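Written out below as structure tokens is the structure these notes cover.
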Amino acid sequence: MAATPPATETPGTTEGTERPASTGSYEPTPLTVPSRSRDRARYDRETVHSILDAAYICHLGFVRDGAPVVLPTLFARVGESLYMHGSTGSRPLLAAGRTDPGLAVCVTVTHVDGLVLARSAFHHSLNYRSVVVHGTAHQVTDEAECRTALDAMVESVAPGRSADIRPANAKELAATAVIRVDLTEVSAKLRTGPTSDDAEDLDLPHWAGVIPVAPAYGTPVPAADLAPGIELPDYLAAL
């Protein structure tokens, strides 16, 4: 049966990816409640979506032949679904298409925002934002939904790019598989703020503090065979 595109999305959209407002919260489950530092957990859609939308690489975990496998892969969120893609012969995509009702997976996304350097080794930490999604991956068989997902993945890397490239042709679509994981069992976890040294360590002669960490883009390097006169688009210069 062909998968159905999310009701809040327009299949085949290439001018950016429309995303609905982030309202409400995900219901905590035994899989999404952390065993420690529960005060750092968040379930509201606004927080979860903001963390997902700020990333374009996730780690996809599943079990193959009784052994765990975790793969880094490109992804994008469209409404209440995550999409990932690969070749039609890749392991998770084959498994998602052949198993019924699909492939059980765990998807994680993490941003490191700072190195928290305390006076003691025990209290060293990271400031971070993360999301963990538990669910079932299904192979996308509807062409319109597939194109929407692929456009969204291009947009997640460089907003504005999907309208400035040649779309996939029939042969390329046939060689590309897409899987969808719906956002049902979801949680976010965050750590922010300064160090948390023990009171008896505050007078120790060691530097303590937070070193911010942020992604940075270098100067774009044009392709060697770029046709003369093609300038860097404004949407890429804005990165």
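This note's numbering puts the first residue of the sequence shown at 1, with every later residue one more than the last.
All C-beta atoms, glycine included, are put in the ideal place defined by N, C-alpha and C.
Values in this document were obtained by computation on a predicted structure and should not be read as measured data.
Beta-carbon contacts of residue i that lie in its chain and below 6 Å, excluding the five residues immediately before and after
i, result
"residue 18", "Per-residue confidence for residue 18 stands at a pLDDT of 47, beneath the threshold of 50, marking its modelled position as unreliable; the derived number appears in the next sentence. Nothing meets the Cβ criterion."
"residue 120", "201"
"residue 180", "81, 83, 138 and 140"
"residue 226", "none"
Among the options, nearest to residue i - alpha-carbon criterion
i, options, result
"residue 171", "149, 58, 148 and 143", "143"
"residue 85", "145, 116 and 36", "145"
"residue 209", "103, 28, 178 and 116", "116"
"residue 221", "237, 204, 127 and 215", "237"
"residue 215", "56, 30 and 31", "56"
"residue 28", "118, 185 and 226", "185"
"residue 178", "65, 153 and 199", "153"
"residue 128", "68, 66, 64 and 193", "193"
Residue j beta carbon less than 8 Å from that of residue i
i, j, result
"residue 164", "residue 233", "yes"
"residue 123", "residue 197", "yes"
"residue 109", "residue 130", "yes"
"residue 183", "residue 133", "yes"
"residue 213", "residue 112", "yes"
"residue 47", "residue 58", "no"
"residue 103", "residue 75", "no"
"residue 211", "residue 114", "yes"
"residue 118", "residue 32", "no"
"residue 60", "residue 107", "yes"
7 Å CB neighbourhood of residue i in its chain, flanking five on each side removed
i, result
"residue 217", "239"
"residue 219", "none"
"residue 5", "Low per-residue confidence applies at residue 5: pLDDT is 37, beneath 50, and the placement is therefore not dependable, though the value from the model is reported in the following sentence. Correct list, in chain order: 11, 142, 144, 145 and 148."
"residue 44", "25"
"residue 101", "136"
"residue 230", "none"
"residue 206", "119"
"residue 68", "61"
"residue 204", "119"
Own chain partners of residue i with C-beta closer than 8 Å, once the 5 adjacent residues on each side are dropped
i, result
"residue 293", "The first residue shown for the chain is 1 and the last is 239, placing residue 293 beyond what the model contains."
"residue 34", "40, 41, 187 and 189"
"residue 235", "158, 159, 160, 161 and 164"
"residue 13", "Note that residue 13 scores a pLDDT of 37, beneath 50, so its modelled location is shaky; the value from the coordinates is reported in the next line. Contacts found: 148 and 151."
Three or more C-beta pairs under 8 Å: does that hold for the stretch 157-165 against the stretch 134-149? no
Three-pair Cβ contact test at 8 Å for the stretch 25-45 versus the stretch 176-196: yes
Can you give, in chain order, each stretch of the beta strand (DSSP E) that sits fully within the stretch 64-88 and has at least 3 residues? 67-78 and 81-87
Secondary structure, beta strand (DSSP E): runs of 3+ residues fully inside the stretch 100-163: 103-117 and 125-139
Just list the beta strand (DSSP E) runs in the stretch 170-225, keeping only unbroken ones of 3 residues or longer that don't cross its boundaries, in chain order. 176-182, 185-191 and 209-212
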